[in-house]
Structure formats: C-alpha cells, structure tokens
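Below is one structure, written out as structure tokens; comments come after it.
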Amino acid sequence: MKILVPVKRVIDANIRVRVKSDHTGVEMNNVKMAMNPFCEIAVEEALRIKEAGNADEVILVSVGPTKCQETIRTGLAMGADRAVHVETDDTLEPLAVAKMLKAIAKKEETDLVILGKQSIDDDNNQTGQILAAIMGRPLGSYISEIEKNDAGFMITREIDAGLEKLQITSPAVVTTDLRLNEPRYASLPNIMKAKKKPIEKLTPADLGVSTEQRVQTIEVNDPPERDAGVMVSSAAELVEKLRNEAKVI
Ligand code: AMP
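Numbering-wise (our numbering), the sequence shown opens with residue 1 and increments by one.
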C-alpha cells in the first residue's frame with residue numbers, strides 16, 4: 001500500500017502573525033516558516049501505518065515555492081521515503097491544490113491520502129474534502145484514529161456528541177485532527193539520511209492544472225482589541241457587573 005501525504009509550508013505556529021500595513025495580507029518577509037502542524041500529524045500517522053507493516057511507501061507532496069523543499073526535507077527526516085515538489089510562486093486556492101494532488105495520487109496509484117484537516121495560515125479546511133469529491137473516494141474527515149483492515153480503513157471521528165466510528169473502503173482520503181497522534185522529532189542521523197532521499201520536481205502545468213485565481217482577498221485586519229480586564233473585590237460585585245454592565249445574566 002502506498003500513502004500520499006500532502007504537506008504545506010506555513011508561518012510557524014509559534015510566531016505572532018502581523019497584518020501588513022496596507023491590509024493586503026500578513027507579513028511574510030523574514031518570518032519563520034514550518035510544516036503545517038496538522039500535516040506533521042498526517043506524516044506521523046502514515047509512518048506509524050508503515051511501521052505496523054500495513055504500508056510499503058510514504059510519499060510526501062508539497063505545492064509552492066522553492067523553499068517548500070525545507071518542509072519536504074523535514075518530512076523526509078521524520079521517515080517518509082520520497083517526495084514530489086510541485087514548484088510554483090502563484091497564489092494557490094484549495095481547488096487547484098486538490099486537482100494537483102489528484103493527478104499525483106492517480107499517477108502514484110496511492111491507496112490512502114492523509115491530509116491535515118486545515119492549514120493554519122488560510123484556515124481553508126477545504127482541500128481534503130475537494131480531493132475526495134473529485135477523485136470519487138470516501139472521505140474520513142477530522143480523524144482521531146485509523147486502522148487498516150480487510151475492508152479498507154476503520155476510522156474514528158471526533159464529533160460534538162462524542163466519538164463516531166466508521167468503516168470506509170480503500171482507496172480513501174482522510175484528514176487529521178489534533179488528537180490523532182503526537183508527531184516525532186527527526187533524529188540527527190535521519191536528518192542526514194533525508195538529504196539523499198529523492199524529490200521529484202514538477203510544475204502545475206506538468207500536471208495540467210491552472211492556478212488561475214477565482215477568490216480575491218479584499219482586506220485583512222487584526223481582530224478587535226479586547227478591553228483591559230478589571231479586578232473585582234467580591235462575588236457580589238462580579239454578579240452586579242455581569243448583570244448591569246456586561247448584561248449577560
Ligand atoms: P486547507 O484546505 O488549505 O486548510 O489545507 C488542508 C490540507 O491540505 C493541509 O493540511 C495539507 O495537507 C493540504 N494542503 C493544502 N495546501 C497545500 C499545499 N500547497 N501543498 C501541499 N499540501 C497542501
């Protein structure tokens with residue numbers, strides 16, 4: 001079984017994001033970048049499936065500028081076997097990314113695609129859903145557990161009312177939730193080994209996919225500033241403020 005794991009390069013989750021002064025987006029110059037945290041979880045899960053003897057190969061794919069190779073190398077150092085880099089400086093929408101992933105998943109004949117449930121920069125939460133739809137494959141979204149079995153995959157999803165268990169057929173697409181696993185750190189020998197692992201380079205045109213934009217960002221703004229908190233001296237004063245000032249009780 002082959003597993004494809006799409007990994008996205010995003011602003012490091014520990015960095016405080018700043019909105020550009022012209023409000024066209026967020027500041028990207030000299031900002032530390034990293035693998036999207038949900039994609040790290042996806043790589044970890046693919047590696048665990050392989051280590052359990054249920055997969056032969058874990059292939060990474062990243063779509064974006066030259067520097068995506070750093071993200072790819074991180075995933076290769078975690079243990080993935082090889083990667084595909086679709087190089088482009090264009091602004092990417094989930095539909096275009098999903099079309100490229102479809103082309104690669106078909107070419108590689110992958111049985112399972114594990115994506116992050118969302119990228120923390122654009123918060124789209126769309127690519128996995130679109131990919132499953134355009135490939136005509138079952139989707140397991142926001143999974144917190146996955147198990148390979150003869151019928152395909154048994155997955156557990158975290159839903160409002162608790163946990164939902166579903167059996168889906170193979171080939172399939174799944175997206176990772178936060179509690180699926182805790183990703184490993186790459187060891188130094190594995191970081192060295194990763195330098196020699198192959199990265200195939202393609203362009204969107206090689207895959208027959210246009211990156212033409214259909215969604216335009218109008219404006220990006222900081223969230224409204226919160227008023228400073230006040231100390232209250234008693235429970236009675238708190239109740240009085242909640243009732244008469246905040247008017248929430
Ligand atoms: P999104 O729909 O943008 O929130 O992204 C959900 C998931 O789709 C990510 O966690 C990745 O697994 C995948 N993905 C989105 N954009 C890219 C990209 N440019 N390259 C590789 N994978 C991506």
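Every residue gets a Cβ at the ideal spot worked out from N, C-alpha and C, and that includes glycine. It should be emphasised that the depicted structure is a prediction, and the values quoted were computed from it without experimental measurement.
What's the gap between the Cα of residue i and the Cα of residue j?
| i | j | result |
| --- | --- | --- |
| residue 170 | residue 3 | 11 Å |
| residue 182 | residue 44 | 8 Å |
| residue 229 | residue 6 | 43 Å |
| residue 175 | residue 156 | 11 Å |
| residue 95 | residue 113 | 16 Å |
| residue 168 | residue 160 | 21 Å |
| residue 20 | residue 132 | 35 Å |
| residue 177 | residue 143 | 5 Å |
| residue 78 | residue 192 | 11 Å |
| residue 12 | residue 198 | 25 Å |
Using CA coordinates, which residue listed in the options is at the minimum distance from residue i?
| i | options | result |
| --- | --- | --- |
| residue 118 | 36, 240, 26 | 36 |
| residue 149 | 111, 76, 159 | 111 |
| residue 137 | 172, 77, 62 | 172 |
| residue 166 | 151, 178, 160, 179 | 151 |
| residue 22 | 48, 192, 221 | 221 |
| residue 217 | 11, 24, 8 | 24 |
| residue 205 | 42, 97, 83, 73 | 97 |
| residue 189 | 232, 76, 85, 83 | 76 |
| residue 121 | 247, 243, 8, 62 | 8 |
| residue 87 | 223, 243, 209 | 209 |
| residue 52 | 1, 34, 199 | 1 |
| residue 31 | 248, 124, 67 | 67 |
| residue 231 | 242, 201, 50 | 242 |
| residue 50 | 141, 147, 219, 224 | 147 |
Span of the beta strand (DSSP E) holding residue i?
| i | result |
| --- | --- |
| residue 175 | 172-176 |
| residue 66 | Segment: none, residue 66 is in no beta strand (DSSP E) and carries neither H nor E. |
| residue 86 | 82-87 |
| residue 6 | 2-6 |
| residue 231 | Taken as a continuous stretch (DSSP letters only), residue 231 belongs to no beta strand (DSSP E), as it is neither H nor E. |
| residue 114 | 112-116 |
Start and end of the alpha helix (DSSP H) containing residue i?
| i | result |
| --- | --- |
| residue 156 | Residue 156 -> not in any alpha helix (DSSP H); beta strand (DSSP E) instead, spanning 152-159. |
| residue 9 | Where residue 9 is concerned, there is no enclosing alpha helix (DSSP H), although the beta strand (DSSP E) it sits in stretches over 9-11. |
| residue 44 | 37-51 |
| residue 14 | That residue, residue 14, is in no alpha helix (DSSP H); it is neither H nor E in DSSP. |
| residue 191 | 188-194 |
Helix or strand or just coil, what does DSSP make of residue i?
| i | result |
| --- | --- |
| residue 167 | strand |
| residue 241 | helix |
| residue 143 | strand |
| residue 58 | strand |
| residue 131 | helix |
| residue 205 | helix |
| residue 78 | helix |
| residue 104 | helix |
| residue 19 | strand |
| residue 199 | strand |
| residue 97 | helix |
| residue 34 | strand |
Say whether chain D places a C-beta atom closer than 8 Å to the C-beta of residue i.
| i | result |
| --- | --- |
| residue 219 | Structure shown: chain D not included; a single protein chain is present. |
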